[in-house]
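Notes to accompany the following structure.
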Amino acid sequence: MSRPYRVAIAGTGGIAGAHAEALRAAVTGPSAGAGTSGGDGTSVGVGTGRAELVAAVDVELDRAKTFAETWSIPLATTSLAEALDSGQIDLVHICTPPGSHVELAAQALVAGATAVVEKPIAISLAAVDELLAAEAASSGSVAVVSQHRFGSGARRLRGIVESGAFGRPLIATCNTLWYRDAEYFAVPWRGSFEIEGGGPTMGHGIHQMDLLLATLGEWTEVSAVAARTSRDTSTEDVSMALVRFESGVLASVVNSVVSPRQTSSLRFDFENATVELDHLYGYEDQDFTVTAAPGFEDEITAAWAKGPAGQPSNHLAQLTAVLDALDSGQEPPVRLADARTTLELVAAIYKSSFSGRPVARGGIASDDPFAQRMDGTGAPWS
Numbered sequence: 001m002s003r004p005y006r007v008a009i010a011g012t013g014g015i016a017g018a019h020a021e022a023l024r025a026a027v028t029g030p031s032a033g034a035g036t037s038g039g040d041g042t043s044v045g046v047g048t049g050r051a052e053l054v055a056a057v058d059v060e061l062d063r064a065k066t067f068a069e070t071w072s073i074p075l076a077t078t079s080l081a082e083a084l085d086s087g088q089i090d091l092v093h094i095c096t097p098p099g100s101h102v103e104l105a106a107q108a109l110v111a112g113a114t115a116v117v118e119k120p121i122a123i124s125l126a127a128v129d130e131l132l133a134a135e136a137a138s139s140g141s142v143a144v145v146s147q148h149r150f151g152s153g154a155r156r157l158r159g160i161v162e163s164g165a166f167g168r169p170l171i172a173t174c175n176t177l178w179y180r181d182a183e184y185f186a187v188p189w190r191g192s193f194e195i196e197g198g199g200p201t202m203g204h205g206i207h208q209m210d211l212l213l214a215t216l217g218e219w220t221e222v223s224a225v226a227a228r229t230s231r232d233t234s235t236e237d238v239s240m241a242l243v244r245f246e247s248g249v250l251a252s253v254v255n256s257v258v259s260p261r262q263t264s265s266l267r268f269d270f271e272n273a274t275v276e277l278d279h280l281y282g283y284e285d286q287d288f289t290v291t292a293a294p295g296f297e298d299e300i301t302a303a304w305a306k307g308p309a310g311q312p313s314n315h316l317a318q319l320t321a322v323l324d325a326l327d328s329g330q331e332p333p334v335r336l337a338d339a340r341t342t343l344e345l346v347a348a349i350y351k352s353s354f355s356g357r358p359v360a361r362g363g364i365a366s367d368d369p370f371a372q373r374m375d376g377t378g379a380p381w382s
């Protein structure tokens with residue numbers, strides 16, 4: 001594409017700044033020596049700008065205007081339709097609360113734009129399926145923000161799994177142990193099944209669970225429990241799940257917003273090595289630890305030394321991949337259908353927790369209450 005992609009950002013809260021910063025940093029062309037280079041060859045901070053921020057949209061006009069002034073955006077408005085009518089928009093970055101994602105993404109698709117949507121993509125499986133239908137009828141597409149997939153450490157790990165260099169993966173753990181106090185939940189849309197879609201299973205742990213699935217492949221069954229232990233919300237504040245994978249791997253998943261020592265961690269035990277990732281909101285290569293089984297030290301060290309390096313898991317990593325895909329006429333990552341797989345696991349965790357029974361992949365039909373809402377027939381504490 002000869003001109004920069006024209007971008008509107010809908011929702012100008014905290015995460016919108018990360019999108020704007022990544023879009024400004026996304027460049028094309030060889031490094032001129034003034035910037036840094038990602039391990040996958042991506043130049044950062046030099047070259048030709050690939051994106052032009054042309055509209056800021058927010059339900060509060062003053063907030064949209066402040067964001068527009070901060071990022072030198074010419075149009076501030078409360079209407080995405082107005083932004084789309086103002087001139088050709090190539091991408092719409094949707095950074096609003098989850099309950100509005102599908103409606104705004106559908107507007108972008110009708111205009112033929114690509115919608116780049118923050119997780120969770122929607123607050124129900126039914127809503128995702130509506131958006132899949134809208135995408136099929138549009139010349140545009142949907143890319144779901146899953147930035148942890150794009151760090152070099154995760155890409156190196158996926159290569160290890162695909163090559164079998166560490167032996168078969170056997171067990172895994174996936175923990176999102178965060179702390180959110182009463183002030184955090186004072187924001188009206190938080191802690192609500194109606195607007196946020198759920199608690200830490202939906203809005204916090206989904207990024208780590210997405211990386212778990214991207215690494216290990218198709219899941220087949222989940223057994224789970226969820227509870228509201230402390231926070232004054234409509235949703236759970238803790239959930240625990242046991243997930244079976246098609247490959248035979250077993251994984252435990254814990255999501256919490258009541259854990260004062262915060263951590264995001266994944267662990268993968270292979271036949272010949274353990275790979276651990278410990279971080280909070282984003283990782284770099286040094287956040288991975290690899291431990292070889294006795295007698296496999298040289299082999300494991302050599303295998304881990306191969307592959308990409310130097311790319312943190314951040315919005316720039318994924319947005320660069322999105323722009324690269326658009327440049328080549330391909331569908332940008334992460335596809336809506338891929339994100340639905342993760343959201344189906346979330347829905348299954350809720351259904352298993354509230355029904356007391358395991359839930360198989362594909363076990364939530366379109367007419368199931370848990371397809372319509374994550375709390376299905378109602379949380380036990382409601």
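Residue numbers for the sequence shown follow full-length UniProt numbering, so the first one is 1 and each next one is one higher. Built from N, CA and C at the ideal position, the CB exists for glycine as well. These figures come from a predicted structure and were not determined experimentally.
Going by C-alpha distance, which of the options is nearest residue i?
| i | options | result |
| --- | --- | --- |
| Leu211 | Arg156, Glu194 and Glu183 | Arg156 |
| Pro200 | Glu221, Ala227, Val117 and Glu218 | Ala227 |
| Pro106 | Ala18, Val322, Tyr184 and Ala81 | In the sequence under discussion, the amino acid at residue 106 is Ala, which differs from the Pro named in the question. That would be Ala81, whose Cα lies nearest to the Cα of Ala106. |
| Thr220 | Ala241, Glu236 and Ile206 | Ala241 |
| Glu344 | Ala325, Asp368, Leu280 and Leu104 | Asp368 |
| Ala365 | Ser86, Ser124, Glu69 and Leu61 | Ser124 |
| Tyr281 | Gln262, Thr12 and Ala273 | Gln262 |
| Val117 | Asn255, Gly99 and Ala126 | Gly99 |
| Leu326 | Ile121, Thr66, Ser139 and Leu131 | Ser139 |
| His19 | Glu103, Ala115 and Arg3 | Ala115 |
| Ile89 | Leu53, Glu69, Thr70 and Ala64 | Leu53 |
| Lys65 | Ile9, Glu103, Ala108 and Trp304 | Ile9 |
| Ala26 | Trp189, Gly49, Gly17 and Leu131 | Gly49 |
| Ala83 | Leu336, Ser72 and Val7 | Val7 |
| Ala108 | Ala126, Ala134, Pro120 and Val334 | Ala134 |
| Asp237 | Tyr184, Ser247 and Phe268 | Tyr184 |
| Gly198 | Val102, Ala126, Thr233 and Leu132 | Thr233 |
What are the boundary residues of the alpha helix (DSSP H) that includes residue i?
| i | result |
| --- | --- |
| Met240 | Element bounds for Met240: not the alpha helix (DSSP H) but the beta strand (DSSP E), Val238 to Phe245. |
| Pro200 | Pro200 to Gly203 |
| Pro369 | Pro369 to Gln372 |
| His93 | Unbroken run through His93 is the beta strand (DSSP E), Leu91 to Ile94; no alpha helix (DSSP H). |
| Tyr184 | Ala182 to Phe185 |
| Ala165 | Per DSSP, Ala165 belongs to no alpha helix (DSSP H) and is neither H nor E. |
| Val102 | His101 to Val110 |
| Asp62 | Leu61 to Thr70 |
| Thr320 | His315 to Asp327 |
How far does the beta strand (DSSP E) with residue i in it reach, from first residue to last?
| i | result |
| --- | --- |
| Glu82 | First-last for Glu82: Leu80 to Asp85, but that is the alpha helix (DSSP H), not the beta strand (DSSP E). |
| Val290 | Phe288 to Ala292 |
| Thr114 | Thr114 to Val117 |
| Ala56 | Ala51 to Val57 |
| Arg267 | Val258 to Phe270 |
| Ala76 | Leu75 to Thr77 |
Looking at chain B, is there any beta carbon in it that lies within less than 9 Å of the beta carbon of residue i?
| i | result |
| --- | --- |
| His19 | Absent here is chain B; the protein component of the structure consists of one chain. |
With DSSP collapsed to three states, give me the class of residue i.
| i | result |
| --- | --- |
| Ile300 | helix |
| Val46 | Confidence in Val46 is poor, its pLDDT being 36 and thus under 50, which makes the residue's placement too unreliable to answer from. |
| Gly14 | helix |
| Gly33 | Any reading at Gly33 is ruled out, since the residue's pLDDT is 28, under 50, leaving its predicted position unreliable. |
| Gln147 | helix |
| Glu130 | helix |
| Asp338 | helix |
| Leu177 | strand |
| Thr215 | helix |
| Arg190 | coil |
| Leu280 | coil |
| Arg6 | strand |
| Glu196 | coil |
| Ala360 | strand |
| Ala136 | helix |
Measuring CB to CB, does residue i end up less than 9 Å from residue j?
| i | j | result |
| --- | --- | --- |
| Leu75 | Ala51 | no |
| Phe245 | Leu216 | yes |
| Ser252 | Thr173 | yes |
| Gly153 | Ser313 | yes |
| Leu177 | Ser259 | yes |
| Lys160 | Phe67 | Looking at the sequence itself, residue 160 is Ile, so the reference to Lys does not match. Their beta carbons are not under 9 Å apart, which means Ile160 does not touch Phe67 by this criterion. |
| Val225 | Ser352 | yes |
| Thr78 | Leu61 | yes |
| Tyr179 | Val243 | no |
| Asp278 | Ala309 | no |
| Asn272 | Gly205 | no |
| Thr235 | Asp375 | yes |
| Val128 | Ala360 | no |
| residue 383 | Gln208 | Here the chain has residues from 1 to 382 only, and residue 383 is not among them. |
| Thr341 | Glu218 | yes |
| Arg357 | Ser247 | no |
| residue 470 | Gln311 | The structure shown does not extend to residue 470, since the chain is modelled only from 1 to 382, so the question has no answer here. |
May I ask you to check if the CB of residue i is nearer than 8 Å to at least one heavy atom of the ligand HEM?
| i | result |
| --- | --- |
| Gln262 | For the structure depicted, the ligand HEM is absent and the ligand set is empty, with no information on it obtainable. |
Stretch pair the stretch 165–173 + the stretch 348–366: three plus CB contacts closer than 8 Å: no
Would you check if the stretch 95–102 and the stretch 1–17 touch, i.e. whether three or more CB-CB distances between them fall below 8 Å? yes
Stretch-stretch touch, CB-based, cutoff 8 Å, three pairs: the stretch 314–325 with the stretch 139–149: yes
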